[in-house]
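Heads up: the sequence shown at position 67 corresponds to 67 in the working numbering, and the numbers run straight through without jumps. What follows is a short report on a single structure.
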Amino acid sequence: MADKQIGKVTHYYDKIHVAVVKLTDKLSTGDKVKVVKGDNEFTDVVGSMQINKENVSSAKTGEEVAIMLSKAAKEGS
1 MADKQIGKVT HYYDKIHVAV VKLTDKLSTG DKVKVVKGDN EFTDVVGSMQ
51 INKENVSSAK TGEEVAIMLS KAAKEGS
């Protein structure tokens, strides 16, 4: 399956490993995501997701979601 962009990291909270992502496609908990910035990349599974500090199981194009990641992401990834 080919990779496709589902959004961009607009902010990253280093201490809690949470990325805020502006979505360009739908996203659900359990989805596998690849975070890419330059030569750095890693794959992770969306374990939890929030919109406006409320837990959600899915989000659609145009929404900003907060997702917890296992590694650091950079803004613009």
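Idealized CB from N, CA, C, for every residue including glycine.
Practice task
Work out the CA separation of Asn55 and Met68 for me, nearest whole Å.
Solution key: 12 angstroms
Practice task
Under 8 angstroms Cβ to Cβ from His17, same chain only, skipping five residues before and after it: list those, please.
Solution key: Met68, Leu69, Ser70, Lys71 and Ala72
Handout entry: Bridge-paired residues (DSSP) for His11
Key = Val20
Exercise for the section: Ignore the nearest five residues each way along the sequence and tell me which others in Thr29's own chain have a CB closer than 7 angstroms to its CB. Expected result: Val46, Gly47, Ser48, Met49 and Ser57
Problem - For Gln50, the residue or residues it bridges with in DSSP - result: Asn55 and Ala66
Practice task
Take Leu23 and list the residues in its own chain whose beta-carbon comes closer than 8 angstroms to its own, dropping the five residues that flank it on each side.
Solution key: Ile6, Gly7, Ala59, Lys60, Thr61, Gly62, Glu63, Glu64 and Val65
Handout entry: C-alpha distance - Val33 paired with Tyr13, whole-angstrom precision
Key = 18 angstroms
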